[in-house]
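Each residue of the sequence shown is one higher than the one before, starting from 1 at the first, in full-length UniProt numbering. Every residue gets a Cβ at the ideal spot worked out from N, C-alpha and C, and that includes glycine. Remarks on the structure that follows.
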Amino acid sequence: MTLTLTQLRYLVAVARHGSVTAAARMLNVSQPSISVAIDNVEATLGQKLFVRQRGSGIALTSFGRGAVAKAKQVLAEADELVGLGTREADVGGELVLGCFEDLAPYFAPALIRLFAQRCPAVTVIVRDETFETLGRRLGDSAIDLGLTYDLGLPAHFARILLHELRPHALLPQGHALASQATVSLADLAAHPLITTDQPHSWQHMLDLFLSRGLSPVAHSTMSSFELQRSMVANGFGVAVSYTRPHGDMSYDGLPLVCKPLSDPLPMQRIILAHDTRQRLSKAALAFTEVAKEWFASHDVFTG
1 MTLTLTQLRY LVAVARHGSV TAAARMLNVS QPSISVAIDN VEATLGQKLF
51 VRQRGSGIAL TSFGRGAVAK AKQVLAEADE LVGLGTREAD VGGELVLGCF
101 EDLAPYFAPA LIRLFAQRCP AVTVIVRDET FETLGRRLGD SAIDLGLTYD
151 LGLPAHFARI LLHELRPHAL LPQGHALASQ ATVSLADLAA HPLITTDQPH
201 SWQHMLDLFL SRGLSPVAHS TMSSFELQRS MVANGFGVAV SYTRPHGDMS
251 YDGLPLVCKP LSDPLPMQRI ILAHDTRQRL SKAALAFTEV AKEWFASHDV
301 FTG
């Protein structure tokens, strides 16, 4: 028995979408067609590619991760072969970009627009991810590149530096610290600290205080970055952030005050990450160059 390109496309789609149902919907084919294709691939390779997870779809086996990575490589090369003789021959196929959810709205659309101008034959799929899901899905070949902060990623992931940011204090208008030119972590430690509930994010923020021998006042955690900003704007506390959208206003229209931190704190890195166990496609390599160019030519989070 031989494998077909269609079977490999179905395999990669299931890995990327986490279920046969979602893959069938995205490909506009029947679920039985995909199930039969996966069964045939498993029979040909002689090993299981997926295991069912109760309540959360299916997950790749360790063998399946390798098989999907190889299938992606074969499909990318097939797309390049089909494109021979056209002006977009060098770069085609599909690129799945995973973006940390706090960064996605500020960078993904502009990067994709520029990339589409350079590589119009590539289909780009964008996924919002948390720190935890981004690392796992990069490892499972569900996404090709991850746009994120350099937090919580395995050591074997490559990190391509795009930009470095300094943290700043986030205060409500009229706060006692709002009139100062700069604010220290010691100043902030006397006020309730509001963080987000991303494990790597809030732990990193607390570690900044601990590195200065400080323990912030009992804090609350919010489910999103924008909710955190709105809580600060409404006077419930203060925050430390790297991300700064254009225009210092919360979602509910209240002003926010951003102040530089006077402490000598480490910079945070915005990166493109990928799993070094998997070869990057030409589309992923081209997107990396576009992202580096875009960040080099734009002022990021200037307010």
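Can you tell which of the options has its C-alpha closest to the C-alpha of residue i?
| i | options | result |
| --- | --- | --- |
| Leu-151 | Ala-273, Gly-247, Val-238 and Lys-259 | Ala-273 |
| Asp-140 | Ser-297, Asp-275 and Leu-261 | Asp-275 |
| Thr-4 | Trp-294, Val-41, Val-29 and His-175 | Val-41 |
| Thr-130 | Gly-146, Gln-117, Gly-92 and Leu-45 | Gly-146 |
| Gly-92 | Asn-234, Val-124 and Thr-133 | Val-124 |
| Arg-65 | Gly-57, Val-51 and Glu-77 | Val-51 |
| Pro-216 | Ile-194, Glu-101, Ser-62 and Ser-230 | Ile-194 |
| Met-231 | Leu-265, Thr-196, Ala-155 and Leu-210 | Thr-196 |
What span of residues does the beta strand (DSSP E) with residue i cover, start to end?
| i | result |
| --- | --- |
| Leu-170 | 168–172 |
| Phe-100 | 93–100 |
| Val-122 | 122–129 |
| Leu-177 | No beta strand (DSSP E) contains Leu-177, which DSSP labels as neither H nor E. |
| Arg-212 | Here Arg-212 belongs to no beta strand (DSSP E), and DSSP marks it neither H nor E. |
| Thr-196 | 192–196 |
| Val-257 | 256–260 |
| Leu-147 | 145–149 |
Within its chain, find whatever has a CB closer than 7 Å to the CB of residue i; leave out the 5 residues flanking it on each side and keep chain order.
| i | result |
| --- | --- |
| Asp-263 | Ser-184, Leu-185 and Arg-212 |
| Gly-253 | none |
| His-204 | Leu-151 |
| Ala-15 | Leu-60, Val-68, Asp-140, Ser-141 and Ala-142 |
| Gly-235 | Pro-172 |
| His-191 | Val-217, Gly-237 and Val-238 |
| Glu-101 | Asp-128, Glu-129 and Thr-130 |
| Thr-302 | Because Thr-302 carries a pLDDT of 46, less than 50, the predicted location of this residue cannot be relied on, and the following value inherits that uncertainty. Closer than 7 Å at the Cβ level, and outside the excluded window around Thr-302, lies no residue. |
| Asp-299 | none |
Quick one: residues in its chain with C-beta nearer than 6 Å to the C-beta of residue i, no 5 flanking neighbours on either side, listed in chain order?
| i | result |
| --- | --- |
| Ser-201 | none |
| Arg-136 | none |
| Ala-76 | Gly-93 and Ser-281 |
| Ala-286 | Val-91 and Cys-119 |
Go to residue i, then tell me how far its alpha helix (DSSP H) extends in each direction, as first and last residue.
| i | result |
| --- | --- |
| Tyr-10 | 5–17 |
| Pro-154 | Where Pro-154 is concerned, there is no enclosing alpha helix (DSSP H), given that its DSSP letter is neither H nor E. |
| Asp-187 | 185–188 |
| Asn-40 | 31–45 |
Ordered along the chain, which non-local residues of its own chain (more than five positions away) have a Cβ less than 8 Å from that of residue i?
| i | result |
| --- | --- |
| His-168 | Val-240, Ser-241, Tyr-242, Arg-244, Cys-258, Lys-259, Pro-260 and Leu-261 |
| Leu-214 | Leu-185, Ala-186 and Ala-189 |
| Val-12 | Val-68, Ala-71, Lys-72, Leu-75 and Ser-141 |
| Met-222 | Ile-194, Thr-195, Thr-196, Asp-197, Gln-228 and Met-231 |
| Lys-48 | Glu-42, Thr-61, Phe-63 and Gly-64 |
Taking the DSSP output, what are the residues bridged to residue i?
| i | result |
| --- | --- |
| Glu-164 | Arg-269 |
| Ala-59 | Val-51 |
| Val-136 | The sequence given here has Arg at residue 136, not Val. For Arg-136, which the question treats as bridged, DSSP gives no partner whatsoever. |
| Arg-159 | Ala-273 |
Shorter than 8 Å from the beta carbon of residue i to some beta carbon of chain D?
| i | result |
| --- | --- |
| Ala-142 | Absence of chain D from the displayed structure is noted, only one protein chain being present. |
Residue ranges of each beta strand (DSSP E) within the region 264–295, 3 or longer: 268–275
Just to confirm the assignment: which complete alpha helix (DSSP H) runs, minimum length 4, are found wholly within the region 219–254? 225–233
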